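>
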Amino acid sequence: MKIFAQISRVVVGLLFIFSGIIKLNDPIGTQYKLEEYFEVFATDLPALHDFFMGLVPLALYFSVFLCTAEVVLGIALLVAYKPKTISWLLLTIIVFFTFLTFYSAYFNKVTDCGCFGAAIKLTPWTSFGKDIFLLILILVIVYYRKKFKSYPTGIIIVISTLVSLGVAIYSLRHLPIVDLLPYRVGASIPAQMKPSEPLRYLYVFEKDGKTLEYEQYPSDTTLKFKEMVVLNEDAKPKITDYKVWNDAGDFTEGTFQGKKLFLIIKSLTDINTAALPDINKLINAVKAKGVEPVILTSGNSADIENFLSQHQLTAPYYYVDATVLKTISRSNPGLWLLKDGIVKGKWHYNDTPTAEEVVGLVK
């Protein structure tokens, strides 16, 4: 059993490190997930509505803390730093995660918990099962905590904490080091809006108390339809909600034509306006070089027109769902460069490129 405890220690440590690193790469993604949970709890628990809504502005701080804690606790477990204390901290954090994934699965809320960021998508029940697996291993670690030797590895913990925080801060001030989102550089947006192969379905019917399954839709009219299941899930479109429009109509296909530099304005309430003068200069410069500037926003027309006038932004603007804009850009404002629907560039407002750099990417 002691050998199993040692195996548990290694498995839990590696999984915590992996999960934490993936999320530190994109702490804003975890922030969005925490905001979803807070908003769901605020709705489901009216008596605590104000409490949970008060946590929403703190979601980013919680995100960085939790992601850093995962990495540091995983490393501490592997290097045998204060195993008694670390085992109890691991138990606390896994109980917290298990509660969240159970809530997601049972009540069908926040259907992607973001356990492994954008790298691995898990269904709610799979996420819950993963946490139960980890909970069992951590309970074994807690039980044998007095049997583990402790080593003076505090310097490793300090270094891992500083490095983890450094990665998080870099990702916040720029963009994720590794972009795992469907709107990343090099991706074709139109191609990802289509299935990679014809979708195949399993049609489930019921008759005389028996469940019957068909890969071709049956002609028997006495069958009672129950559900239709996609057999090749991996072939489903990676992007299903990208829509661009204005008061005149749909402009989605128009965004895939020619060279376009998009200014992403996710929200007018928390936008960094100090970056807009440089972005405005860039917009005017690339316009003269054959790159069409376009603004994508989720704001209403009156607010956006007033905002554009105030900051002397002259590019046409179109609407996109706020969730889609959050996925396209982790920066507000952000820049997104497309040529014939293929992503050629993506920038945080702290890394606003030169006109020459933009033009060079779409030649």
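Sequential numbering from 1 applies to the sequence shown in this note's numbering. Here a beta-carbon is modelled for each residue, glycine too, at the ideal position from N, C-alpha and C. These numbers were taken from a predicted model, which means no experiment stands behind them.
Since Ser-188 sits in a beta bridge, which residues does DSSP pair it with?
Per DSSP, Ile-342.
> Straight-line CA distance for Leu-78 to Leu-45?
Their backbone Cα atoms lie some 39 Å apart in a straight line.
> If you run the structure through DSSP and keep just helix, strand and coil, what is His-49?
Three-state DSSP puts His-49 in a helix.
> Per the DSSP calculation, His-348 is bridged to which residue(s)?
In the DSSP output, where bridge partners are listed per residue, His-348 has Gly-334.
> Report whether the distance from the Cβ of Lys-210 to the nearest heavy atom of the ligand ADP is below 8 Å.
Because no ligand of any kind appears in the structure shown, any question about the ligand ADP cannot be addressed here.
> Which class does Asp-203 belong to by DSSP, given the choice of helix, strand or coil?
The question names Asp, but residue 203 in the sequence shown is Tyr. Strand at Tyr-203.
> Entirely within the segment 245-311 and at least 4 residues each: give me those alpha helix (DSSP H) ranges in chain order.
Runs of the alpha helix (DSSP H) inside the segment 245-311: 276-287, 301-310.
> Over what stretch of residues does the beta strand (DSSP E) that includes Tyr-317 continue unbroken?
Its beta strand (DSSP E) spans residues 317-319.
> Which term fits Asp-131, buried or exposed, when burial requires 16 or more other beta carbons within 10 angstroms of its beta carbon?
Asp-131 comes out buried.
> Could you name the residues that DSSP lists as bridge partners for Phe-225?
DSSP lists Phe-205 as partners of Phe-225.
> If you follow the beta strand (DSSP E) that Leu-212 is part of, which residue opens it and which one closes it?
Taken as a continuous stretch (DSSP letters only), the beta strand (DSSP E) holding Leu-212 covers 210-214.
> Return the bridge partner residues of Val-163 from the DSSP annotation.
Answer by DSSP bridge pairing: none, since Val-163 is not bridged.
> Who are the near neighbours of Ile-28 in its chain, counting only those whose CB is closer than 6 Å to its CB and skipping five residues on each side?
Excluding sequence neighbours, Ile-28 sits near Arg-330.
> What first and last residue would you give for the alpha helix (DSSP H) that runs through Lys-37?
The residue asked about is misnamed: residue 37 is Tyr in this sequence, not Lys. 27-44 is the span of the alpha helix (DSSP H), which, as asked, contains Tyr-37.
> Can you round the beta-carbon distance between Phe-128 and Phe-107 to whole angstroms, since I take them to be within the 8 Å contact cut?
Not confirmed; about 12 Å, so no contact.
> Skipping 5 residues on each side, what residues in its chain have a beta carbon closer than 7 Å to that of Ile-239?
For Ile-239, where only same-chain residues beyond five positions count, the Cβ hits under 7 Å are Pro-182, Ile-189, Gln-192, Met-193.
> Kindly indicate the opening and closing residues of the alpha helix (DSSP H) around Arg-145.
Neither: Arg-145 is in no alpha helix (DSSP H) and is coded neither H nor E.
> Tell me which residue opens and which closes the alpha helix (DSSP H) that Lys-326 is part of.
Per DSSP, Lys-326 belongs to the alpha helix (DSSP H) from 322-328.
> Alpha carbon to alpha carbon, how far is Phe-41 from Ile-94? Give it in angstroms, no decimals.
Their Cα atoms are separated by approximately 19 Å.
> Just list the residues that DSSP pairs Ile-155 with in beta bridges.
Partner(s): none; Ile-155 has no beta bridge.
> Quick check on this structure: which residue in Gly-341, Tyr-349, Leu-337, His-348 has the alpha carbon closest to the alpha carbon of Gly-360?
Residue Leu-337 is the option with its Cα nearest to Gly-360.
> Using only CA atoms, which one of Lys-339, Gly-209, Glu-35 lies nearest to Gln-257?
Checked all of Lys-339, Gly-209, Glu-35; the closest Cα to Gln-257 is Lys-339.
> Between Gly-54 and Tyr-170, what straight-line distance do the alpha-carbon atoms span, to the nearest angstrom?
Between Gly-54 and Tyr-170, the C-alpha separation is close to 27 Å.
> Quick check: what's the CA-CA separation for Ser-298 versus Leu-335?
Those two C-alpha atoms are separated by around 15 Å.
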